[in-house]
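**Student:**
In the numbering used here, the protein residues as written are 497 to 750.
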């Protein structure tokens with residue numbers, strides 16, 4: 497039986513990942529600082545608390561019938577402010593939750609992992625790792641760091657049978673940002689920014705996580721996979737041309 501530990505299990509993407517892995521028959525251990533983690537249907541054990549806490553993390557990793565072979569890190573922290581207004585403590589908390597805890601959890605998994613047994617770590621990153629938006633610097637740097645962490649882990653832990661990869665969503669319609677996608681004007685603005693011209697659902701991210709967690713991706717290791725509807729493929733001038741009013745065709749010459 498396959499056991500998975502999901503950090504950030506009560507969030508929008510985390511919940512979708514829990515449901516998707518349960519559908520595959522996976523035993524799921526859920527961890528979140530939101531007490532709603534105790535109400536997730538189908539999980540074998542739920543832990544309410546800060547996943548950066550070593551004791552909580554150890555209890556979660558040891559809660560299954562066997563050492564987990566899947567770890568999904570879906571944690572994030574933000575401090576939105578211009579670069580010049582940030583203080584060191586703002587960076588530290590964002591990094592501790594969004595980046596250091598990913599290394600912390602993966603390292604703890606490795607210590608429990610029987611050498612040679614296949615295992616998969618899937619880190620939830622963001623397109624912010626590749627393109628900047630004003631006010632998001634700590635979040636973006638932490639998400640970019642997940643890619644470097646995955647490459648380092650692939651290099652050092654691959655011989656153990658451990659694969660480490662990053663899923664990088666674009667804008668996903670989850671409860672945390674519902675104030676944006678429920679507003680008709682804002683929803684249309686976001687929709688128009690993506691070549692597929694629709695919003696992404698958390699279930700679509702969960703499908704990619706399940707792929708990277710499972711045997712179908714058994715030779716995929718150390719990669720960052722954007723799941724952004726093609727947003728990173730678009731040049732800025734394309735957005736400008738989309739937002740410009742349509743021009744009438746030239747009048748025929750006499």
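For glycine and all other residues, C-beta sits at the position ideal for the given N, C-alpha and C.
Would you check if the distance between the CB atom of residue 570 and the CB atom of residue 657 is smaller than 8 Å?
**Tutor:** The sequence position of residue 570 within the chain shown is 74, counting from 1. The sequence position of residue 657 within the chain shown is 161, counting from 1. Not in contact: residue 570 and residue 657 (Cβ atoms no closer than 8 Å).
**Student:** For residue 609, which residues in the same chain have their Cβ closer than 7 Å to its Cβ, ignoring the five residues on either side in sequence?
**Tutor:** Position 113 of the chain shown, counting from 1, holds the residue named residue 609. Contacts found: 563, 615, 656, 658.
**Student:** Nearest to residue 730 by alpha carbon, out of 500, 693, 497?
**Tutor:** By one-based count along the chain shown, residue 730 stands at place 234. It is 693.
**Student:** Touch check for the stretch 692 to 712 and the stretch 658 to 667: three-plus C-beta pairs under 8 Å?
**Tutor:** As far as the Cβ criterion goes, the stretch 692 to 712 touches the stretch 658 to 667, which means the pair count is three or higher.
**Student:** So, for residue 621: in the same chain, excluding its five sequence neighbours on each side, which residues have a beta-carbon less than 6 Å away from its beta-carbon?
**Tutor:** Position 125 of the chain shown, counted from the start, is the residue given in the question as residue 621. 639, 642, 662, 664.
**Student:** Here's the rule: buried if 16 or more other CB atoms are within 10 angstroms of the residue's CB, otherwise exposed. What is residue 517?
**Tutor:** Position 21 of the chain shown holds residue 517. Buried, because 16 or more other Cβ atoms sit within 10 Å of the Cβ of residue 517.
**Student:** Give the DSSP-derived three-state secondary structure of residue 676 in the structure shown.
**Tutor:** On the chain shown, residue 676 is found 180 positions in, with the first residue counted as 1. Here residue 676 sits in helix by DSSP.
**Student:** What does a CB cutoff of less than 8 Å around residue 459 pick up in its chain, not counting 5 residues either side in sequence?
**Tutor:** Missing from the structure shown is residue 459; the chain here goes from 497 to 750 and no further.
**Student:** Leaving out five residues before and five after residue 560 in sequence, what residues of the same chain have Cβ atoms less than 8 Å from its Cβ?
**Tutor:** As a working mapping, residue 560 is identified with position 64 in the chain shown. So the qualifying residues of the chain are 499, 501, 523, 525, 540, 541.
**Student:** Taking the beta strand (DSSP E) that residue 568 falls in, what are its first and last residues?
**Tutor:** Counting from one through the chain shown, the residue named residue 568 turns up at place 72. 566 to 569 is the span of the beta strand (DSSP E), which, as asked, contains residue 568.
**Student:** Roughly how many whole angstroms lie between the Cα atoms of residue 726 and residue 627?
**Tutor:** By 1-based counting over the chain shown, the position of residue 726 is 230. By 1-based counting over the chain shown, the position of residue 627 is 131. Looking at the two C-alpha atoms, the distance is approximately 13 Å.
**Student:** List the endpoints of the continuous beta strand (DSSP E) containing residue 663.
**Tutor:** Indexing the chain shown from 1 puts residue 663 at position 167. That run of the beta strand (DSSP E) goes 658 to 665.
**Student:** Since residue 528 is in the beta strand (DSSP E), which residue starts that stretch and which ends it?
**Tutor:** Along the chain shown, read from residue 1 onward, the residue named residue 528 stands at position 32. First-last of the beta strand (DSSP E) with residue 528: 523 to 528.
**Student:** By how many angstroms is the C-alpha of residue 543 removed from the C-alpha of residue 534?
**Tutor:** In the chain shown, counting from the first residue as 1, residue 534 sits at position 38. In the chain shown, counting from the first residue as 1, residue 543 sits at position 47. Distance between the alpha carbons of residue 534 and residue 543 is about 7 Å.
**Student:** From residue 712 to residue 604, what distance separates their C-alpha atoms?
**Tutor:** Taking the first residue of the chain shown as 1, we reach residue 712 at position 216. Taking the first residue of the chain shown as 1, we reach residue 604 at position 108. Taking the straight line from one Cα to the other gives about 25 Å.
**Student:** Does the Cβ of residue 750 have 16 or more other Cβ atoms within 10 Å, making it buried, or fewer, making it exposed?
**Tutor:** Within the chain shown, numbered from 1, the residue matching residue 750 stands at position 254. The pLDDT assigned to residue 750 is 44, lower than 50, so where the model puts this residue is not dependable, and the model offers no usable value.
**Student:** Could you check whether the stretch 647 to 656 touches the stretch 580 to 591, counting it as contact only if at least three pairs of C-beta atoms, one from each stretch, sit closer than 8 Å?
**Tutor:** At 8 Å Cβ cutoff, the stretches do not touch.
**Student:** Mapping the DSSP letters down to three states, classify residue 548 as helix, strand or coil.
**Tutor:** As a position in the chain shown, residue 548 is number 52, starting the count at 1. Residue 548: coil per DSSP, three-state reduction.
**Student:** Are the beta-carbon atoms of residue 552 and residue 558 separated by less than 8 Å?
**Tutor:** Sequence index remark: in the chain shown, residue 552 carries index 56 (1-based). Sequence index remark: in the chain shown, residue 558 carries index 62 (1-based). Result no, Cβ atoms of residue 552 and residue 558 do not sit closer than 8 Å.
**Student:** Take residue 497 as the anchor and find which of 513, 512, 520 has the nearest alpha-carbon.
**Tutor:** Stepping through the chain shown from its first residue, residue 497 is reached at position 1. The residue with the shortest Cα to Cα distance from residue 497 is 520.
**Student:** In terms of residue numbering, what span does the beta strand (DSSP E) encompassing residue 723 cover?
**Tutor:** Counted from its first residue, the chain shown places residue 723 at position 227. Start and end: 720 to 723.
**Student:** Check for me: the beta strand (DSSP E) holding residue 616 runs from which residue to which?
**Tutor:** Position 120 of the chain shown holds residue 616. First-last of the beta strand (DSSP E) with residue 616: 615 to 620.
**Student:** With DSSP run on the structure shown, which of helix, strand or coil describes residue 500?
**Tutor:** For the purposes of this step, residue 500 is identified with residue 4 of the chain shown, where counting begins at 1. Three-state DSSP puts residue 500 in a strand.
**Student:** Alpha carbon to alpha carbon, how far is residue 684 from residue 548? Give it in angstroms, no decimals.
**Tutor:** Sequence index remark: in the chain shown, residue 548 carries index 52 (1-based). Sequence index remark: in the chain shown, residue 684 carries index 188 (1-based). Using only the alpha carbons, I get a separation of about 37 Å.
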